[in-house]
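Take a look at the structure set out below.
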């Protein structure tokens, strides 16, 4: 037995365990001090009422022989796939039911796509970026080259002339909150079409975009149906991090050397996956209904307003920041020349705020810091003032 | 971009679509004839009441800010892992909480294990057997060699002296319903320990075992903790095919060249998976509680009794059959020298019974046929008599 040696290429991730350890040590030293947790990347508001009602109805259906459901269709129930399709249609993006594959979330889908590609393909991974992109590529044996986000390009790097076969794009970005413009995404689509590359477009945060000129789907870009796959999720848009619902859209036109990737993905999913729980598919349908969307968008607006509060607090302090306008994330430069972990300690000690060191998102994140809007409104407002004071004192 | 060429090694599976097409054609020709579907591999009884109540309670928890749950622990909530651990303990098998990884089912877990092994490992796949074992191995690039089930070995093949690195074992077996004895599993464990092979033990049907002398877990066998992983599921034991809950037990002692497979699996799962929905984990906890098990075992007994009815109907007809005693499946030789599809047509036309052609489970299944106990009791009893008549007429 030979193990997959590519696991040796993975660096252990100490990001959140490191944060946890430091927070625990602080709490022990200062048992009476209340911390504001702005490092959290998880939703905190409860599920919307239409979603909860759908869960109850589905549970009752599963209790009666006439309405019980066992194995469902491999791609997902038509009612749920149609709900995703209609969500796209409302924004003028036409995707077909057969192009939509439901899943338990973006991590599973991204990971699953590694099965479709030969190991020699070069993966282009945003740095800073969601660590999963690099890790799944390394596990599968791909050479990994960073696409460098910088202050100069607003953490929205474009094609850099280097080779690439698998292109990860995330917009609005995690951790940066930066959103690609139509022109910037067009450049990536043209690059992919020219090279025969495949874009894996992570749209997990699209619901946070309120600027109508910004694209919410890669399929708003001409030619994307021939080079891109889009991965979506209800985790952040409808609070489904504990319910698990995502989807991948694989356009019919997406081919590599005459092979339709939709057919390969269907083969992969029907062999290695058994579908989303029936109650969760009903919950997703409810979240995407008119009443559900209205309720969910209130939560999205709440989180975004928190992020805007943090962003405003940094105004005039002289530190660079991005995100927070069309995203739950604010990405800031650490003041006073501090590195990510130094600023983590500083902010914890001085402002009683827990954030996330940017270095945890790749080498390009060193010297930066992520704050999120997923906390409580009043606590975030109070923390924003302490953040501003701390940044000014450090500058 | 180069695609994974191993997909070309996969044979398209026409088994269930072929069955569906033939049944539809029959129904069109004979609109008034009622068919009995004994081909189905899915549960039909509704969820047990404690499970439904748990789903309702979890939905209510998700509706309130104080009790809402977002991302859960990567391996699963302690309450659910402990429920699995306690289920093992009741049978005298000691597994630790940290050795249990919850998932959405056996297909995902089996598929995920392919990530851990280098491509040159030889996969030993039971023939006839669950087609997923071969497909996931081929996709990952492994050489695949069958382990041959035959009438002579009662469809319980042992080690055959050939090489093997990844050993798939399923007991009670699908499609054969045959159950390995302690001595037979011991031979496999000794083989694996000697060769440094890893056994992937699929225990999806263990709840159907009523003969106390038969092992329900590979970990009842001495030495298995050093060479085996066990994959379990509530799909058939608690009717969770539409709810999705499974688990993999990776013993601490399982190592390859000094690397603990538990650690690799944790890395794989935390990178490519986000956990089981919270309500489903609560449902699983309920299914594994005293009240839940009592209710679920009634359904298991119902399905098994159906299988026994079918098995009894074949008694004295002269055709070989196995399974049906400790399994929901009955595996029978086709009478009169018919091949699998000929017998399918014959049984459909003559007895109005839909079964599953054995050839769909691998070349070794040709000339055999699978019937299942997942149908309605009265319909199964009536069909059993028609089955017997048809077999006698064909012999």
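Chains as they are written, first to last, in the numbering used here: chain A, 1 to 395; chain B, 396 to 790.
Even glycine gets a Cβ: it sits at the ideal position worked out from N, Cα and C.
- It is roughly 50 Å from the alpha-carbon of residue 646 of chain B to the alpha-carbon of residue 314 of chain A.
- Taking the CA atoms as reference points, residue 322 of chain A sits about 5 Å from residue 331 of chain A.
- Note on the stretch 648-679 of chain B: whole alpha helix (DSSP H) runs with a minimum of 4 residues are 656-667, in chain order.
- The Cβ atoms of residue 356 of chain A and residue 23 of chain A lie no closer than 8 Å to each other.
- Residue 659 of chain B and residue 137 of chain A have their alpha carbons spaced roughly 16 Å apart.
- DSSP, reduced to helix, strand and coil, places residue 304 of chain A within a helical segment of the structure shown.
- For residue 581 of chain B, the enclosing alpha helix (DSSP H) covers residues 577-590.
- Between the alpha carbons of residue 128 of chain A and residue 112 of chain A lies a distance of about 22 Å.
- Excluding its 5 nearest sequence neighbours in each direction, residue 162 of chain A has C-beta neighbours in its own chain below 7 Å: 145, listed in chain order.
- Secondary structure at residue 518 of chain B: strand, using DSSP grouped into helix, strand and coil.
- Under DSSP, residue 331 of chain A takes part in a beta bridge, and its partners are A:322, A:370.
- With the criterion set as a beta carbon lying under 7 Å from some beta carbon of chain A, the members of the stretch 588-609 of chain B are 591, 592, 593, in sequence order.
- Contact with chain A is found for residue 451 of chain B, since one of that chain's Cβ atoms lies less than 8 Å from the residue's Cβ.
- A direct Cα-to-Cα measurement between residue 398 of chain B and residue 253 of chain A gives close to 16 Å.
- Here residue 108 of chain A is buried, its C-beta having at least 16 other C-beta atoms within 10 Å.
- As DSSP reads the structure, residue 84 of chain A sits in no beta bridge.
- Judged by DSSP secondary structure, residue 145 of chain A falls within the beta strand (DSSP E) whose first and last residues are 144-148.
- Within the same chain, Cβ atoms closer than 6 Å to the Cβ of residue 206 of chain A are found at 216, the five residues on either side in sequence being excluded.
- In this structure, residue 574 of chain B lies away from residue 632 of chain B, with their beta-carbon atoms at least 8 Å apart.
- The DSSP-derived three-state label of residue 54 of chain A is helix.
- In the DSSP assignment, residue 247 of chain A falls outside any alpha helix (DSSP H) and lies within the beta strand (DSSP E) extending over 246-249.
- At a C-beta separation below 7 Å, residue 323 of chain A has no neighbours in chain B, since its nearest C-beta there lies roughly 21 Å away.
- Residues of the stretch 619-638 of chain B with a C-beta less than 7 Å from any C-beta of chain A: 636, 637, 638, listed in chain order.
- Contact check for residue 664 of chain B and residue 469 of chain B: beta-carbon distance about 6 Å, within the 8 Å limit, so the pair qualifies.
- When CB distances to chain A are screened at a threshold of 9 Å, the residues of the stretch 661-681 of chain B falling below it are 662, 663, 665, 666, 667, 668, 669, 670, 671, 672, 673, 674, 675, 678, in chain order.
- Contact residues of the stretch 59-88 of chain A toward chain B are 59, 62, 63, 64, 65, 68, 69, 70, 71, 72 (C-beta to C-beta distance below 7 Å).
- Put simply, the backbone Cα of residue 436 of chain B is about 40 Å away from that of residue 197 of chain A.
- Within the same chain, Cβ atoms closer than 7 Å to the Cβ of residue 58 of chain A are found at 278, 279, 282, the five residues on either side in sequence being excluded.
- Three or more Cβ pairs drawn from the stretch 199-213 of chain A and the stretch 158-172 of chain A lie within less than 8 Å of each other, which places the two stretches in contact.
- Inter-residue distance for residue 34 of chain A and residue 369 of chain A is about 21 Å (C-alpha atoms, whole angstroms).
- Rounded to whole angstroms, residue 104 of chain A and residue 501 of chain B show a C-alpha spacing of 15 Å.
- Secondary structure at residue 356 of chain A: strand, using DSSP grouped into helix, strand and coil.
- For residue 651 of chain B, the neighbours in chain A by C-beta distance under 9 Å run, in chain order, 1, 2, 3.
- Just so you know, the alpha carbons of residue 613 of chain B and residue 625 of chain B end up roughly 7 Å apart.
- Residue 137 of chain A is outside the set of residues whose beta carbon lies under 8 Å from a beta carbon in chain B.
- The beta carbon of residue 527 of chain B sits closer than 7 Å to the beta carbons of 502, 505 from its chain, once the five residues preceding and following it are set aside; these are given in chain order.
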